[in-house]
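Notes follow the structure.
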Amino acid sequence: YTYDLGKQIQVLCPKCGKKLKLRKGRYGRFLSCSGYPECKFTFNPEFRDQEQIFCPECGKLLIINTGKDGKFVGCTGFPKCKFTFDLRD
-18 YTYDLGKQIQ
-8 VLCPKCGKKL
2 KLRKGRYGRF
12 LSCSGYPECK
22 FTFNPEFRDQ
32 EQIFCPECGK
42 LLIINTGKDG
52 KFVGCTGFPK
62 CKFTFDLRD
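Each residue of the sequence shown is one higher than the last, beginning at -18 in the numbering used here.
Laid out in structure tokens, this is it:
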């Protein structure tokens, strides 16, 4: 899947359960909670020590991968689960 910046994606915030949004900051694309400012959860693929996010399709862990076209988030349930979204700038 390719998501536009600012669009809500089907991944849920692990803190409050609302949908996450894809945004762009000084370190590239990241996810933030659509419940901001009440919920301040963010997920940036550049930072490793952060809360985990889970696949909306199968419930398994989502991880950052690098493919031939750049970074993307993919499901650890691959190849059964094909959920992904792009993190390229």
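For every residue, glycine included, the Cβ atom is placed at its ideal position computed from N, Cα and C.
From the options, residue whose alpha carbon lies closest to that of residue i
i, options, result
"VAL(-8)", "GLY6, GLN33, GLU19, ASN46", "GLN33"
"PRO60", "ILE(-10), SER15, ARG10, CYS39", "CYS39"
"CYS36", "LYS(-1), ARG7, ARG4, GLY55", "GLY55"
Counted within 10 angstroms of its Cβ, other Cβ atoms place residue i as buried (16 or more) or exposed
i, result
"LYS(-4)", "exposed"
"LYS2", "buried"
DSSP-derived helix/strand/coil call for residue i
i, result
"CYS(-6)", "coil"
"ARG4", "strand"
"ASP50", "coil"
"ILE44", "strand"
"PHE22", "coil"
CB of residue i within 9 Å of CB of residue j, strictly
i, j, result
"LEU42", "PHE53", "no"
"PHE22", "CYS(-6)", "yes"
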